[in-house]
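Student:
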Amino acid sequence: MKALKRVEIITGSLESSKVIRILDQNQINGYTLIKNVLGRGDKGEQDGEGLHNAFQNTYFLVACSEEELNKITEPLRKLLKTSGGVCLISDAQWLMH
1 MKALKRVEII
11 TGSLESSKVI
21 RILDQNQING
31 YTLIKNVLGR
41 GDKGEQDGEG
51 LHNAFQNTYF
61 LVACSEEELN
71 KITEPLRKLL
81 KTSGGVCLIS
91 DAQWLMH
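Numbering follows full-length UniProt numbering, in which position 42 of the sequence shown is assigned residue number 42; successive positions increment by one, without gaps.
#1: Taking its Cβ as the centre, do 16 or more other Cβ atoms sit within 10 Å of GLN27, making it buried, or is it exposed?
#2: I'd like to check one pair, ILE20 with LEU76: are the Cβ atoms closer than 8 Å?
#3: Give the range of the alpha helix (DSSP H) segment to which ASN70 is assigned.
#4: Would you decide whether SER16 is buried or exposed? Buried here means 16 or more other CB atoms lie within 10 Å of its CB.
#5: Quick one: residues in its chain with C-beta nearer than 7 Å to the C-beta of SER90, no 5 flanking neighbours on either side, listed in chain order?
This is the structure in structure tokens:
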């Protein structure tokens, strides 16, 4: 097993390219992106319905080292402060195979 940081980011789909840019600029090449995530938060219920993807959320799952996490923390904070969203960080164990 290998100790990692689990980073979960939920943001509007319009900001997903900005999240990808932050990850790319910091050489974090692995992530999972799930589109059209449903939920409720400060902006009310986001059900993914409507004429435009502005009402849809995306979910990113990133597993990275603590050093990599330290590189993306502030850029993510700035993005979420202006556009909204959630970022959860926790310890994780990678089952190596």
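From the three backbone atoms N, C-alpha and C, an ideal C-beta is built for every residue, glycine too.
Tutor: Inspection of the coordinates gives the following:
#1: In the sequence shown, counting from the first residue as 1, residue 27 sits at position 27. Label assigned to GLN27: exposed.
#2: As a first step, residue 76 must be located in the sequence shown, where it is residue number 76. As a first step, residue 20 must be located in the sequence shown, where it is residue number 20. Going by C-beta atoms, LEU76 is not nearer than 8 Å to ILE20.
#3: As a first step, residue 70 is located in the sequence shown; it is residue number 70 there, counting from the start. According to the DSSP assignment, ASN70 belongs to the alpha helix (DSSP H) that extends over 66-83.
#4: Within the sequence shown, the letter at position 16 stands for residue 16. With 16 or more other Cβ atoms within 10 Å, it is buried.
#5: Taking the sequence shown and counting its residues from 1, the one referred to as residue 90 is at position 90. For SER90, where only same-chain residues beyond five positions count, the Cβ hits under 7 Å are ARG6.
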